[in-house]
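Visitor: Here our numbering is used: the first residue of the sequence shown is 941, the next is one more, and so on. This is the structure, below, for whatever I ask next.
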Amino acid sequence: MKIGRDFAGRQLLGRREAQEDSYAFSIISDRDGDVEKLLVVIADGLGGHTSGQRASQMAVETFVEEFFQHAPRADGNDAFALHESLMFANECIAQSIDDANGELDGMGTTLLAATVSRTRMQWVSVGDSPLFLFRDGELRRLNADHSMRPFIAQEIAEGRLAAEAMAVHPQRNVIRSALLGEEIPLIDIPGAPFPLKPRDVLLFASDGLQVLDDAAITARLAESQDQSAPQLIRNLLAAIEERNNPKQDNVTIAAVLAGQ
């Protein structure tokens, strides 16, 4: 991987008072010091801006810390390390809530993390932060959406709700799973790596990106196809700002140009 050219991250405050998203990149080197993989982690805090900030930052920091406690497997499969890191982050949130004597009740965060090499990727996710693959001009969401959006989409597909319902449905952003320091009801963690191809674009984002529908994201990515990861993200954030949504949530986008 060509450090500084093929991945980047940017944030947008939106109409919120504070930034409740956190993210990090970390380089995973082989024994010779060459870059083998990139670890990407994004968390979107819940529970109000003070506890949301704390939860997302804590989740990202503790996830990265724990990940490097697990030696890479000989077969290159990172599923165990990703799962254990998720569990550790959740335990740290639980301990922080217990230590706060009620002041941090309701604190939590979504979390999306992945390891990316030239040829494959593995991820773990809890919540509604999307992981998109842009390949050959087509956009595809790879990870599960743990909000109510999939159920609303099904109702629309079956004709029980109008097509416009997704944008206005009062439950569309209700989260069905998050790191709350309790048992995690839903975890998306494929057991095998996902194969990547040259020129694949990977987007890791908080759900604030979803003010743009798939068609709008696809159009911006197509326009940015030959640009660097930082420019690609700037183009997406510009599209969000152009919407001028009075309720715009925080946005975090991390982009990785695979196979470069």
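Each residue gets a CB set at the ideal place from its N, CA and C atoms; glycine is no exception.
1. Residues in the same chain with beta-carbon distance under 7 Å from K1187, minus the five sequence neighbours each way, listed in chain order, please.
2. Between S996 and D961, how many whole angstroms is the CB-CB distance? I'm expecting something under 8 Å.
3. Report buried or exposed for I967, applying the criterion of at least 16 other Cβ atoms within 10 angstroms of its Cβ.
4. Using 8 Å as the cut-off, can you tell me whether the stretch 1145–1164 makes contact with the stretch 1119–1135, which would need three or more C-beta pairs spanning the two stretches below that distance?
5. Using 10 angstroms around the beta-carbon of D1018, count the other beta-carbons present and answer buried if the total reaches 16, otherwise exposed.
6. Looking at L1176 and V1056, is the spacing between their C-beta atoms short of 8 Å?
7. Keeping to the same chain, check which residues put their C-beta closer than 7 Å to that of I1037; ignore five residues upstream and five downstream.
8. Below 6 Å CB to CB, which residues in the same chain sit around S1025 once its five sequence neighbours on both sides are set aside?
9. Taking the beta carbon of I1193 as the centre, do at least 16 other beta carbons fall within 10 Å, making it buried, or is it exposed?
10. To the nearest angstrom, report how far apart M941 and G1016 are at their CA atoms.
11. Classify Q959 as helix, strand or coil using the three-state DSSP reduction.
12. Report yes or no: do three or more beta-carbon pairs, one from the stretch 1086–1095 and one from the stretch 1165–1184, lie closer than 8 Å?
13. Where does A1198 sit, in a helix, a strand or coil, going by DSSP?
14. For T1059, does the count of other Cβ atoms within 10 angstroms reach 16, so buried, or fall short, so exposed?
15. Is it buried or exposed, S1065, if we count other Cβ atoms within 10 angstroms and call 16 or more buried?
16. In chain order, what residues of the same chain lie with their CB nearer than 7 Å to the CB of G1131, ignoring the 5 residues before and after it?
17. With a threshold of 7 Å (Cβ to nearest heavy atom), would V981 be considered close to the ligand ZN?
18. For D1039 and T1050, what's the separation of their Cα atoms in angstroms?
19. Any chance you could list the alpha helix (DSSP H) runs of at least 4 consecutive residues sitting entirely within the stretch 1115–1179, in chain order?
20. Compute the beta-carbon to beta-carbon distance between S1069 and I982, rounded to the nearest angstrom, for a pair I have assumed lies under 8 Å.
21. With respect to the beta strand (DSSP E) encompassing M1047, which residues constitute its N-terminal and C-terminal limits?
22. Chain C beta carbons: is any one of them nearer than 8 Å to that of V1141?
Guide: Quick answer:
1. Residue numbering aside, residue 1187 sits at position 247 when the sequence shown is read from its first letter. Excluding sequence neighbours, K1187 sits near R955.
2. To locate residue 996, count along the sequence shown from 1; it is residue 56. To locate residue 961, count along the sequence shown from 1; it is residue 21. With 8 Å as the limit, S996 and D961 qualify as a contact, their Cβ atoms being about 6 Å apart.
3. Your numbering for residue 967 matches position 27 in the sequence shown. By the Cβ neighbour-count rule, I967 is exposed, with fewer than 16 other Cβ atoms within 10 Å of its own.
4. Not touching, per the Cβ criterion.
5. Working through the sequence shown from its first residue, we reach residue 1018 at position 78. By the beta-carbon neighbour count (other beta carbons within 10 angstroms, threshold 16), D1018 is buried.
6. Against the sequence shown, residue 1056 aligns to sequence position 116. Against the sequence shown, residue 1176 aligns to sequence position 236. Against a cut-off of 8 Å, the Cβ pair of L1176 and V1056 comes out as no contact.
7. Counted from its first residue, the sequence shown places residue 1037 at position 97. Here the set comprises L1044, D1045, M1047, G1121.
8. Against the sequence shown, residue 1025 aligns to sequence position 85. Excluding its 5 nearest sequence neighbours in each direction, S1025 has C-beta neighbours in its own chain below 6 Å: F1003, E1006, F1007, listed in chain order.
9. As a first step, residue 1193 must be located in the sequence shown, where it is residue number 253. Buried, since its Cβ has 16 or more Cβ neighbours within 10 Å.
10. Reading the sequence shown from its first residue, position 1 is the one you call residue 941. Reading the sequence shown from its first residue, position 76 is the one you call residue 1016. Residue placement at M941 cannot be trusted, given a pLDDT of 40 that sits under 50; the coordinates are not used to answer.
11. One-based indexing of the sequence shown puts residue 959 at position 19. Coil at Q959, not helix or strand.
12. Short answer: they don't touch.
13. Position 258 of the sequence shown, counting from 1, holds the residue named residue 1198. Assignment of A1198 by DSSP, reduced to helix, strand and coil, places it in the coil class.
14. Mapped onto the sequence shown, residue 1059 falls at position 119. Residue burial annotation: T1059 is exposed, with fewer than 16 other C-beta atoms found within 10 angstroms of its C-beta.
15. Sequence index remark: in the sequence shown, residue 1065 carries index 125 (1-based). Its Cβ being crowded by 16 or more others within 10 Å, S1065 is buried.
16. On the sequence shown, residue 1131 is found 191 positions in, with the first residue counted as 1. A1019.
17. In the structure on display, the ligand ZN does not appear, and there are no ligands present to speak of.
18. As a first step, residue 1039 is located in the sequence shown; it is residue number 99 there, counting from the start. As a first step, residue 1050 is located in the sequence shown; it is residue number 110 there, counting from the start. For D1039 and T1050, the distance between alpha carbons rounds to 21 Å.
19. Secondary structure remark: continuous alpha helix (DSSP H) runs of at least 4 residues inside the stretch 1115–1179, in chain order: 1154–1163.
20. Numbered from its first residue, the sequence shown carries residue 1069 at position 129. Numbered from its first residue, the sequence shown carries residue 982 at position 42. Rounded, the Cβ-Cβ distance is 6 Å, consistent with contact.
21. Sequence index remark: in the sequence shown, residue 1047 carries index 107 (1-based). For M1047, there is no enclosing beta strand (DSSP E), as DSSP marks it with neither H nor E.
22. No chain C appears in this structure, which consists of one protein chain only.
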